[in-house]
Each structure stands twice: as structure tokens, then as C-alpha cells.
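In our numbering, the protein residues as written are 366 to 725.
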DNA sequence: TAGACGTGGGA
DNA sequence: TTCCCAAGTCT
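Set out below in C-alpha cells:
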């Protein structure tokens, strides 16, 4: 199971030659700039290359250096991030940019140990940056690498458990090339992404088919072992889009719920689908007040939005307030004109609805 | 430390 | 439709 030194040398030689012939030319691989490498790594956390690529291009364009990102408003950073998901990545990235700019003269720490102290950088990302930008011989273990190691070396422990992670890390430390850790880590990741894919890998075309544990035992479908218990919560969200002229009432989401830092509308959450708005007045006294001042129209379509741990069923109502009415908004809520609404960071669901309703 | 955190794509 | 997955991290 644990490879000996000779096996490690052979493995590295084969892997590197595969990488040199087969890797994709990705922009963040053309640079040693730790800032750009960091941007790409954060963007790619739990994200496919195809999905992250346009965001990477836009961030580099908009914020060419860590100082540019540090100088930006968090709101604008979130807006540029809109649609990528896991928005804490954007908030942490912005925080870290300011820290690097202000406390480190714009220079990123050069070891994985120090990088690990920065917000938004865990074991994987710290190792990735340390090896890619500074050639530190540390293994960067992401989902691809877990899969490659589990299959080739037959590691059957749960990659999501702490003991499992330790076992993988121990093997990974043996494997990582001391001469060229940057290429080694890129190669492991790329090999997992292109050849040793999660579903139906083409093992006939694999350079390791003569020595792969999973192939030998036909366990490609069982490895790696991931034991996850995921409970899906169903929620019913009812949004009142208060509108006066071209202005909408929006507010920034705070607290521990989803979409923190993003903007949405007056939200009334119910325990069951709310078919008539009257039932919502009981749940929200503010709504009752607004209702008297305007005209309510329902958006007929019911939206379903799926998150990792939640399944959202969402309804929208427009509440049109005549220009002559003056209304008091609850704390944190404000009117935003058309241009401002466009510029605000919003959950993709909100953006979609505003487009489908021909507001944006 | 187990659970939470987005979105889109493919089988 | 439903499920799983995708360059993980935070609390």
C-alpha cells in the first residue's frame, strides 16, 4: 500500500512525462506571481475550471495587483464574484488582500506554514501556492489528488475523516517531488482532472494501468471512499419586491445564513408554501404596513433553488408603491435605483428573477 | 468537529 | 428527477 522509494521514483517519472504531454495551458500556470496563483486557487476551490476561468480573467483585469484588490470595496468584490457561489471565499480573499497589502508590503508569505495563517487558505491552498510560486516541496492534496492516490495505491480509508486525511497526507509527503514540487503538484491535480476522472475513467489509456490497485481490482467506482452524511433542509422563501418608480427596496444579508454579504428583498420565510400573501402578514408586521400603501402582484412562477444543504422554494411578489406615498423602511433596508440594483452583489436567484421580470 | 456554505453540469 | 461532483475552508 505505501510505495517504496523505487516506486516513488518511477511514479514521479511517469507522472511528469504524462503531464508535460497532456496538460492544459491554463493562464495561472504561465506565471510565478503568487497573487495571481492565489486568485486562481481561491476561485477554483470546489469549482470547475470552466466555471472559474471567466472569473479569473475578470479579477486579474479589474484588480491586477494585490494593492488594487485591497483598495476595492468589499461590495464590488462580491459583485464581481456574483454567480460563483461560496461567497465567504470572496470576503476572505478581500480581507487577506488588505492584510498582505498593509502588513506585508504586498508580498505574500513564502512558506505554506505562514500562508496557512491567512484567511481563506487551508492546507490545500497554502501548499498549492507555496509549491507553485515558491517551489516548496509540500504536497497539495485536493479532491483530484485524493482520488488518484486512493485508486493507484489502494488507500481505502475515508478521505473526509480526520484519520483518513492523515493517511493520505503521509503517503503524499512521500510522493511529492523534492526537485520539482510545482510540476509534481500540478501534474497530480491535472492527472485526476483529465485521466483519473471520478466517473468511468478510461483506464485502457492510463499510464498506470499496469500498477493501479483500483484497476487491478476493478474498484474505480468504490475509490476514493467518501463517507458523507448530508441532510437537506427544505425552506420556503417569500420575497416582497417593494418598488417605487424604478427604485427597489433591498438590504444586505447578515448573520449566519446563506448569501451573507449579498443583497435581497424583504424576506418572509414560512414553514410551508405560502399561496396567498395574507398569510404572510401575520409573519411580518412590516409587510402589513407596506401592503396598505401599494398594490401587490404575484410573480406566477415558483422558483426552486438548490444549494448544497438546502432546497429552496421561492415565491416573489411585486409591491408597487405610488410615487406620492412616503414609507418608512425598517433598519437596514433602503431604496436603490436601477443602476444601483445592477451594481449590488445579489444571489444568482435574485439576479435571475429581476431579469426574467424585465427589470434588469 | 461535523455541518454549513453556491452554483452549474453531467449521467 | 435526482444524484453526484468540482483545484476546500470556516466555525
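All residues carry an ideal CB built from backbone N, CA and C; glycine is no exception.
Fill in: Secondary structure of residue 646, DSSP reduced to three states
helix
Practice prompt. Report all residues from its chain with a CB closer than 8 Å to the CB of residue 617; omit the five preceding and five following residues, and keep chain order.
Written response: 626, 627, 628 and 697
Worksheet item: Going by Cα to Cα distance, which pick from 560, 532, 454 and 613 is closest to residue 388?
Response: 560
Worksheet item: Below 8 Å, can you find three or more Cβ-Cβ pairs linking the segment 561 to 577 to the segment 633 to 640?
Response: no
Worksheet item: Quick check: the segment 501 to 513 against the segment 540 to 547, are there 3 or more CB pairs under 8 Å?
Response: yes
Item to complete: Mind reading off the beta-carbon distance from residue 770 to residue 516? Whole number of angstroms is fine, and I expect it under 8 Å.
Response: In this structure the chain extends from 366 to 725, so residue 770 is not present and cannot be described.
Worksheet entry | Whole runs of the alpha helix (DSSP H) within the segment 465 to 497, excluding any shorter than 4 residues | 477 to 480
Worksheet item: When DSSP labels each residue in this structure, what does residue 613 get in the three-state scheme?
Response: strand
Worksheet item: Between 659, 474, 384 and 371, which lies nearest to residue 402 when the distance is taken from Cα to Cα?
Response: 474
Fill in: For residue 716 and residue 740, the rounded distance between their alpha carbons
No information on residue 740 is available, as it lies outside the stretch 366 to 725 that the chain covers here.
Fill in: Helix, strand or coil at residue 591 according to DSSP, with G and I counted as helix
coil
Practice prompt. Answer yes if the segment 663 to 672 comes into contact with the segment 579 to 596, meaning at least three C-beta pairs across the two stretches below 8 Å, and no otherwise.
Written response: no
Discussion item. Is the separation between the beta-carbon of residue 646 and that of residue 656 shorter than 8 Å?
Written reply: yes
Item to complete: Would you list the residues sitting across from residue 598 in a DSSP beta bridge?
Response: 675
Worksheet item: Terminal residues of the continuous beta strand (DSSP E) containing residue 451?
Response: Unbroken run through residue 451: none, as it is neither H nor E.
Fill in: Per DSSP, the bridge partner or partners of residue 603
633 and 680
Worksheet entry | Length of the line joining the Cα atoms of residue 619 and residue 500 | 40 Å
Worksheet entry | residue 548 versus residue 409: straight-line alpha-carbon distance, rounded | 18 Å
Worksheet entry | Contiguous alpha helix (DSSP H) assignments of at least 4 residues, all confined to the segment 488 to 561 | 488 to 499, 508 to 518, 527 to 540 and 546 to 559
Discussion item. I believe residue 457 touches residue 417 by the beta-carbon criterion, under 8 Å. Please report the beta-carbon distance rounded to the nearest angstrom.
Written reply: Their Cβ separation, rounded to whole angstroms, is 16 Å, which puts residue 457 and residue 417 out of contact at 8 Å.
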